[in-house]
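**Student:** My structure is below; once you've seen it, I'll send some questions.
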Amino acid sequence: MNNWLPMDSEQSALQTKTILELLGNEPLDIIDVGCGDGRLLIPMAVAGHTVIGIDCDPGAISSAAAHCAETNVDAELIDGSLFDVLPLSQPVDAIVCCGQTFMLLHDVDEAVKALKLFKQSLRPNGLVILDDIPGDLWLEVAEGNWANGVNSESTLQLVWAKNDAVFAIREGDLVDAEGWELTEKDTPLRLWTMGALRLAAQLAELSAPVVPVTGAILVMRAVE
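Going by the working numbering, the sequence shown wraps up at 209, each residue one higher than the last.
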């Protein structure tokens, strides 16, 4: 992560610990959406859970495969979009979508579609586990740290949409101190509020999100 969208080692450790405690000691079937290099997939597998990792970045899947090999973890890894892969043939007990992956679903309709696919992929009362985006990142906005701007080294730029809680982070050659409109070169991210997540969960027929540990995760359930 870069300086404006951080997840340092301490926060990552807290998130991992919170997820493992929530999952409990009984072996579960889990899908890790946006598994990246296996940051959460490997600890969950080591804890005895059966984990399937999905990522649309082939490089991430390759990195996860290498880390799994290094740690003797046996996990199925799927290179593809969640919209193409889910639901799987068999339901699971939990879906983890962390590492700020859900922020990439900046289009609200797509985000609701993703949550509906999560619901379809879960057993009754199954878990959807996301980053605590409101508790973690909205504080940065409230404290004035995330205004439009370029850092002092001119290596990072934060650009907000004019009329929505959507922004992009530009790095390196993409920094344009004269350009303050989102363009097709940008990767839009949605800074989800708790209210927006509640509404999205309701539309997907999931329970309202709850936060067991602020700044670590929020949890929805596949209610009947």
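All residues carry an ideal CB built from backbone N, CA and C; glycine is no exception.
Taking the straight line between their C-alpha atoms, what separation do you get for SER210 and LEU174?
**Tutor:** Here the chain has residues from -14 to 209 only, and residue 210 is not among them.
**Student:** Classify GLN142 as buried or exposed, calling it buried when 16 or more other Cβ atoms lie within 10 Å of its own Cβ.
**Tutor:** For the purposes of this step, residue 142 is taken as the residue at position 157 of the sequence shown. The residue is buried, with at least 16 neighbouring Cβ atoms inside 10 Å.
**Student:** Who are MET205's beta bridge partners in DSSP?
**Tutor:** On the sequence shown, position 220 is the one that residue 205 refers to. Paired residues: VAL113.
**Student:** Starting from PRO43 and walking both ways along the alpha helix (DSSP H), at which residues does that stretch end?
**Tutor:** For the purposes of this step, residue 43 is taken as the residue at position 58 of the sequence shown. 43 to 55 is the extent of the alpha helix (DSSP H) around PRO43.
**Student:** DSSP three-state call for LEU102: helix, strand or coil?
**Tutor:** Numbered from 1 along the sequence shown, position 117 holds the residue referred to as residue 102. Residue state, collapsed to three classes: helix.
**Student:** List the endpoints of the continuous beta strand (DSSP E) containing VAL18.
**Tutor:** Taking the sequence shown and counting its residues from 1, one reaches residue 18 at position 33. VAL18 -> beta strand (DSSP E) spans 14 to 18.
**Student:** What's the C-alpha gap between VAL18 and ILE39?
**Tutor:** Within the sequence shown, numbered from 1, the residue matching residue 18 stands at position 33. Within the sequence shown, numbered from 1, the residue matching residue 39 stands at position 54. Roughly 5 Å separates the two Cα atoms.
**Student:** Between ARG206 and SER(-6), what straight-line distance do the alpha-carbon atoms span, to the nearest angstrom?
**Tutor:** Translated into positions along the sequence shown, residue 206 becomes position 221. Translated into positions along the sequence shown, residue -6 becomes position 9. Roughly 28 Å separates the two Cα atoms.
**Student:** Of all the options GLU169, GLU128, LEU124, ASP121, which has the alpha carbon lying nearest to the alpha carbon of VAL144?
**Tutor:** The residue you call residue 144 lines up with position 159 of the sequence shown. Out of GLU169, GLU128, LEU124, ASP121, GLU169 has the C-alpha closest to the C-alpha of VAL144.
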